[in-house]
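Using my numbering, read the sequence shown as starting at 3 and increasing by one per residue.
All residues carry an ideal CB built from backbone N, CA and C; glycine is no exception.
Predicted model, so just to flag it, every value in this text is computed and none were measured.
Single-structure report; data block below.
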Amino acid sequence: MRVFEANISLQVCVFLKEFLNNISSFEIANEKIFGKYGLISFFENRDDFRELKNRVSMVAISTVAEPDRAEYGDFQTNQELTNRVAKYLVKENISPDIIIEPTCGKGNFIIAALSNFKTIKKVVGIEIYKPYVWETKFNILNFLLANPVNNKLEIAIKHCNIFDFDFKNISKQFPNEKILIIGNPPWVTNAKLGRLNSSNLPEKSNFKNQSGLDAMTGKGNFDIAEYITLMLLDAFHTHDGYLALLIKNSVIKNIVFDQKEKKYKIGKIEKYCIDSKKEFNVSVEASLLCCRLNTNPSVECNEYDMYSLEKKTSFGWLNAKFVSNLADYIEKQEIDGVSPFEWRQGIKHDCSSVMELERVNEHFINKLSEKVELEEGLIYGLLKSSDLKDRVIKNSRKQVIVTQTKVGQDTSFIQDLYPKTYNYLKSNISHFQARKSNIYKGKPLFSIFGIGDYSFKPYKVAISGLYKTCNFALILPQNNKPLMLDDTCYFIGFDKIEYAVYATILLNSETTKAFLKSITFSDAKRVFTKDILMRLDLLRVANLISRTEIDEQIIFLNEKYSLKINLSQWDNFINEMTPKKEKQLIIFKP
Ligand SMILES: C[S@@+](CC[C@H](N)C(=O)[O-])C[C@H]1O[C@@H](n2cnc3c(N)ncnc32)[C@H](O)[C@@H]1O
């Protein structure tokens with residue numbers, strides 16, 4: 003049954019019908035409900051009181067569909083899981099005086115807390131969606147009718163926006179009470195809110211203070227839950243208590259990562275991985291983040307399985323390094339340094355319908371299925387993440403129009419040198435103008451990013467940033483033209499094929515793979531990033547690997563991919579990777 007668009011049990015309906023029957027004002031009703039059940043301001047106003055009284059006297063079964071609540075990151079936690087979490091916390095001897103559910107939804111965490119913690123004196127729940135505020139209140143009444151409590155309880159379910167709520171005030175008002183922050187903040191990113199034109203945001207904020215390209219291209223994309231968790235830590239990290247929030251793994255990683263600088267007084271940081279498909283029917287990696295408040299700041303997190311409580315791994319900071327598996331990392335940490343070659347991201351154009359083409363006989367077909375005739379000059383083969391599965395790649399399925407040789411280059415030359423290409427681009431100008439990202443604002447026509455001398459190196463070694471598997475592919479030129487990568491890929495470029503082959507061998511060695519595994523997070527949106535790859539000191543890898551292993555790999559690549567590589571350039575390659583300072587020391591050695 004539904005009242006105020008909220009589900010209400012028959013028990014609560016019957017109770018309210020009788021309870022409100024002889025009460026004529028909402029103030030008296032509020033007083034009586036508070037006196038008996040501790041629920042503060044059950045009715046916010048006279049109208050709510052009248053309407054509810056009216057509705058419970060003639061409740062009908064309602065099948066109204068729930069509205070689309072995407073902008074509120076609405077994934078209600080089921081009772082089995084909220085109970086599991088509460089029971090686990092009880093086992094850990096968590097005995098709170100105050101429960102804070104920052105975005106309480108239908109109230110399942112509050113009910114689990116009421117049924118498992120015997121020490122609770124006060125509950126504060128906040129929720130933006132009025133029907134859920136009602137449903138939480140109804141659920142609490144339902145629970146308390148069936149499970150009367152002897153101790154004096156005070157329960158406040160606030161209908162408000164969490165970003166307007168003053169949590170610090172609770173900490174000030176109850177300095178000696180132990181609090182438990184428990185819940186499941188909204189699962190939505192600011193980027194998605196932008197797409198939905200939603201204002202469910204703290205403020206127009208770039209709250210991590212990212213600047214320039216990072217903020218514009220997605221590194222500035224953050225989860226609302228991350229903002230909420232930080233807001234709660236700001237208010238309560240110096241207050242005795244505990245925090246247990248279901249959040250995305252990426253948010254937990256960010257919080258532990260930021261601990262190095264922020265040094266919130268949180269310790270015993272733990273992550274309990276849940277099966278999101280089973281619990282929420284979504285494919286998002288999420289866990290229960292647990293930590294003790296008001297204790298020595300910790301910079302690492304132990305990871306467990308929520309169901310078996312078996313320990314999986316530990317991640318976090320080891321001295322100045324952030325790693326995904328502390329135990330494995332310790333074994334491979336000697337190759338954590340600085341890459342001798344600069345890793346680059348591939349071309350970004352945000353205009354694939356026009357810029358990406360397939361070659362068919364003498365012409366091209368674009369993504370709009372239009373037949374296009376273009377000069378060959380600006381056409382290059384293009385590889386995407388899904389093309390990087392093999393060890394050696396010589397051909398591409400797709401082509402791309404490379405309109406610049408470096409970022410910001412004037413593109414007026416296209417009209418003179420490649421008139422067909424210019425006319426094609428010009429006739430599709432609306433697609434370029436529709437590009438949303440700020441990076442294109444005020445730039446020459448048809449601008450692209452991720453382009454420079456390095457893009458035109460004939461030999462490259464590339465990896466997909468998106469895939470969990472760690473395969474470095476050797477990229478060879480196609481028809482004497484270098485192949486390009488798209489912006490989901492990272493690569494290093496070489497003029498000599500030998501160097502590219504040696505690098506491919508070192509990068510695919512077990513040593514490199516084990517190291518990368520110990521510093522990457524397989525549930526990240528981009529597992530391999532420029533920052534990660536730049537940490538790989540290829541010179542140290544070269545020193546750890548035996549010549550025999552390299553010989554064997556060269557034979558394998560020569561045979562399988564018809565190459566003609568030998569080790570004649572090896573010493574030059576090592577010399578190329580050796581930092582200048584070390585080279586001078588070698589020269590001056592007596
Ligand atoms: C992931 S659901 C979880 C609900 C509840 N904590 C649970 O575990 O079942 C997130 C909740 O946050 C609420 N919400 C979203 N934005 C909010 C805001 N700005 N202020 C308060 N609540 C909000 C949604 O309406 C939704 O009920």
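Cα-Cα separation, residue i to residue j
| i | j | result |
| --- | --- | --- |
| Val66 | Glu7 | Annotation note: pLDDT 43 at Val66 (below 50); position unreliable, coordinate value reported separately. Each residue's alpha carbon lies about 8 Å from the other. |
| Ser201 | Ile164 | 13 Å |
| Phe21 | Leu245 | 37 Å |
| Ile367 | Arg361 | 7 Å |
| Leu478 | His351 | 23 Å |
| Tyr442 | Ser449 | 7 Å |
| Asn47 | Thr138 | 17 Å |
| Ile521 | Val356 | 37 Å |
| Ile42 | Asn118 | 21 Å |
| Gly339 | Asn545 | 14 Å |
| Thr315 | Leu91 | 20 Å |
| Gln274 | Lys470 | With the sequence shown as reference, residue 274 is identified as Tyr, and Gln is not the correct amino acid for it. Rounded to the nearest angstrom, the two C-alpha atoms are 21 Å apart. |
| Val126 | Tyr266 | 23 Å |
| Tyr382 | Phe458 | 10 Å |
| Tyr309 | Ile276 | 8 Å |
| Lys369 | Leu359 | 7 Å |
| Asn583 | Glu512 | Correcting the residue identity first, residue 583 is Lys in this sequence and not Asn. Spanning the two alpha carbons is a distance of roughly 29 Å. |
| Thr490 | Ser326 | 22 Å |
| Asn256 | Asp455 | 34 Å |
| Lys270 | Glu94 | 12 Å |
| Lys279 | Ser285 | 6 Å |
| Ala31 | Ile10 | 18 Å |
| Leu248 | Ser371 | 45 Å |
| Val135 | Ala158 | 10 Å |
Terminal residues of the alpha helix (DSSP H) in which residue i lies
| i | result |
| --- | --- |
| Phe169 | Phe169 to Gln175 |
| Tyr475 | Just to set this straight, residue 475 is Ala in the shown sequence, not Tyr. Per DSSP, Ala475 belongs to no alpha helix (DSSP H); it is in the beta strand (DSSP E), Ala475 to Ile477. |
| Trp572 | Trp572 to Met579 |
| Thr490 | Premise fails: Thr490 is in no alpha helix (DSSP H) and is neither H nor E. |
| Val151 | Taken as a continuous stretch (DSSP letters only), Val151 belongs to no alpha helix (DSSP H), as it is neither H nor E. |
| Leu546 | Leu540 to Leu546 |
Residue i and residue j closer than 8 Å at C-beta
| i | j | result |
| --- | --- | --- |
| Phe317 | Glu305 | yes |
| Glu228 | Val258 | no |
| Leu541 | Cys472 | no |
| Leu141 | Gly109 | According to the sequence provided, residue 141 is Asn. The question's Leu does not apply to it. Yes; because the gap between Cβ atoms is below 8 Å, this pair is in contact. |
| Leu116 | Phe145 | yes |
| Leu487 | Thr514 | no |
| Phe111 | Trp189 | no |
| Gln480 | Asn560 | no |
| Ser300 | His241 | no |
| Glu129 | Cys106 | yes |
| Glu287 | Asn80 | no |
| Lys132 | Asp99 | no |
| Leu390 | Ala526 | no |
| Phe451 | Cys353 | no |
| Thr297 | Ile268 | yes |
| Gly40 | Lys154 | yes |
| Leu384 | Val402 | yes |
| Ser54 | Val5 | The displayed chain sequence assigns Leu, not Ser, to residue 54. A contact, by the Cβ cut-off of 8 Å. |
| Pro342 | Met579 | yes |
| Val529 | Gly467 | yes |
| Ile567 | Ile556 | yes |
| Ala114 | Asn152 | no |
| Val374 | Tyr563 | no |
| Gln335 | Lys532 | no |
| Lys180 | Gly243 | yes |
Residue i - containing beta strand (DSSP E), residue span
| i | result |
| --- | --- |
| Asn368 | His365 to Asn368 |
| Trp189 | Taken as a continuous stretch (DSSP letters only), Trp189 belongs to no beta strand (DSSP E), as it is neither H nor E. |
| Cys293 | Ala288 to Leu295 |
| Asp307 | Glu302 to Asp307 |
| Ile381 | Ile381 to Leu385 |
Whole-Å CB distance - residue i paired with residue j, under 8 Å assumed
| i | j | result |
| --- | --- | --- |
| Leu419 | Gly379 | 7 Å |
| Ile453 | Thr506 | Between Thr506 and Ile453 the Cβ distance is about 23 Å, and since that is not below 8 Å, they are no contact. |
| Leu143 | Val14 | 5 Å |
| Pro187 | Thr231 | 7 Å |
| Asn192 | Phe169 | That pair is no contact at about 21 Å. |
| Phe44 | Ile35 | 4 Å |
| Pro104 | Leu234 | 6 Å |
8 Å Cβ cutoff, residue i in contact with chain E
| i | result |
| --- | --- |
| Lys267 | Of the protein chains in this structure there is only one, and it is not chain E. |
| query | When the Cβ atoms of the segment 488-498 are set against those of the segment 404-417, are three or more pairs found closer than 8 Å? | reply | Contact between the segment 488-498 and the segment 404-417 is absent: fewer than three C-beta pairs spanning the two stretches fall below 8 Å.
| query | Does the pairing of the segment 498-506 with the segment 561-578 give three or more beta-carbon distances under 8 Å? | reply | By the C-beta criterion, the segment 498-506 is judged to be in contact with the segment 561-578, since at least 3 inter-stretch pairs fall below 8 Å.
| field | the segment 289-298 / the segment 321-337 touching (three or more Cβ pairs under 8 Å) | value | In this structure the segment 289-298 does not lie against the segment 321-337, because fewer than three pairs of beta carbons, one per stretch, are closer than 8 Å.
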